[in-house]
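Here the protein sequences line up with chains A and B, keeping their order.
My numbering numbers the first residue of the first sequence as 597 and each following residue consecutively.
My numbering numbers the first residue of the second sequence as 10 and each following residue consecutively.
Note that the Cβ used here is the ideal one computed from N, Cα and C, for glycine as well.
Quick caveat, the model's predicted, so the values are computed rather than measured.
Encoded as C-alpha cells, the structure appears first; notes follow it.
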Amino acid sequence: MKPEKLKDLLLRSLTSDLGSDERKVLEKELLTDHRFSEGFRDRVMKDIASGKILVNGKREMLRLFDSIFMRVAIPGAAAVIILILSLLLNQGSLSYDTLLGIDNEVDDVLISLLSE
Amino acid sequence: MVKYDYIHSDDLELVRHTLDGDNKAFSEIIRRYENMVARTAKGMLGDIQQAEDVGQDTFIRLYKSLKDFRGDAKLSTYIQRIAINQSLNEIRRKKRFLSLFYQSDDKKDMTEIDLEADNGERTKDIRDYVNLAISKLEPDFRSVVILRTIQGYSTKETAEILEVPMGTVLSRLSRAKEQLKELLKDLE
C-alpha cells in the first residue's frame, strides 16, 4: 500500500467510520502481530489456580526491580572500579606509570634516544 | 451428567459459571477476548514483554472483579476498559520510575527509520514509522486512537470504555489527528 494512502486511511479513521474493507486494510497494514505468545491462556489460568493473584503487586515490583537493576548495574560497577583505582592512586599503591604500562627507566631511555 | 457447552454459551452465562467456581468458564472468556486485549496492550505499549504482562494482569483483574460486573455494559467493554487502564498504569509507572535512570524508548527518533531505503522491507519500515508516530502521542490521545483505529469502536463506544464524555473523545481525536498529521508529514 502506498504510504500516502495509509496515512489518509489512518487520519480518516479517527474522525469518520471506515467501511469494513478499509478497516481490514488498515488493521493489516498497522498490526504486526496481534496475538500473545503461545500458552498465554494457560499461564493466566495457572496464576489464578495457584493463587498468585493475591501477590500480583509483588510481580510488578519484581519486574520493576529487574528493569532498574539492569540499568543501574553497569554504571554502578564502573563507579566502583573508578573508586578503587582512585583510592589506590591516592594511597600510592598504584602509580600512573604502572597503569600506563611504563616504568621509571623509560624516561631516561627516551632522553638518551632523543639526545643522540 | 450433561457436559456444559462453554463454546456456545453467552458471556453472562460464562460469568455466572466462573462466579460459581467453574474456572473452565473463565478460560473460555480468555479464549474469546485474548486477541482483543493483545491488540490494545500492544497498540498502547508496543510489541514488548510488558504488553503481555499487561494482558495477564488484565485477565487477573477481571477475574477478581467479576463479582462487580453487573452486566449493564457488554463484557468486552468491561475487559477493554481494564486493558486500557492497565496499559495507562504501566506507561505512567515506566515514566515515573525509569525516567530517573535513562532516557526511555519513547524518545526514539522517527528519523532513525529510513523511508527511502529500497531493501525489500519498505512495508515494514512504513508500518514501524506509523506505529512509532502513534506511540509518540500522549497516552490519553493514544488510547482513543487505538480504540478507534485498531479496535474499530465508535466514538460513543470509545467514550463508554474510557468513561469520559463523548465531547472529550471527539476533542482528543481531533487533537490526535493534528499531531499525527504533523508527525507523519514526511510520509509521502
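Task: Beta-carbon proximity of B/R181 to B/V139, cut-off 7 angstroms - done: no
Task: Straight-line Cα distance separating A/S711 from A/L690 - done: 30 angstroms
Task: Contained alpha helix (DSSP H) runs [length at least 4] in the stretch 615-693 of chain A, N- to C-terminal order - done: 616-626, 636-645, 652-687
Open item on the list: Let's test the definition: count the other Cβ atoms within 10 Å of the Cβ of A/V676 and tell me whether it reaches 16, buried, or not, exposed.
Closed with: exposed
Open item on the list: Just to confirm, is the Cβ distance from B/I215 to B/F68 under 7 angstroms?
Closed with: What is shown of chain B runs 10 to 197, which leaves residue 215 of chain B out entirely.
- [ ] Indicate the three-state DSSP secondary structure (helix, strand or coil) for B/F35 in the structure shown.
- [x] helix
Task: CB contact check: B/Q65 to chain A, cutoff 7 angstroms - done: yes
Task: A/E600: CB within 6 angstroms of a non-hydrogen atom of the ligand COA - done: The ligand COA is not among the ligands present in this structure, which contains no ligands whatsoever.
Open item on the list: Can you check which of these residues, B/I170, B/A34, B/L156, is closest to A/R637 by C-alpha distance?
Closed with: B/A34
Task: Own chain partners of B/L189 with C-beta closer than 8 angstroms, once the 5 adjacent residues on each side are dropped - done: A142, I143, L146, V154
TODO: Return the chain-ordered list of same chain residues with a C-beta closer than 6 angstroms to the C-beta of B/R70, the five sequence neighbours on each side being excluded.
DONE: I91
- [ ] Can you tell me which of B/V173, B/D56, B/E43 puts its alpha carbon nearest to the alpha carbon of A/R639?
- [x] B/E43
Task: Cβ-based burial, A/M657 [other Cβ within 10 Å; buried from 16] - done: exposed
Open item on the list: For a quick check, are the C-beta atoms of B/V63 and B/S96 less than 7 angstroms apart?
Closed with: yes
TODO: Tell me whether B/K73 sits in a helix, a strand or coil according to DSSP, three-state version.
DONE: helix
Open item on the list: Could you check whether the Cβ of A/I644 sits closer than 7 angstroms to any Cβ belonging to chain B?
Closed with: yes
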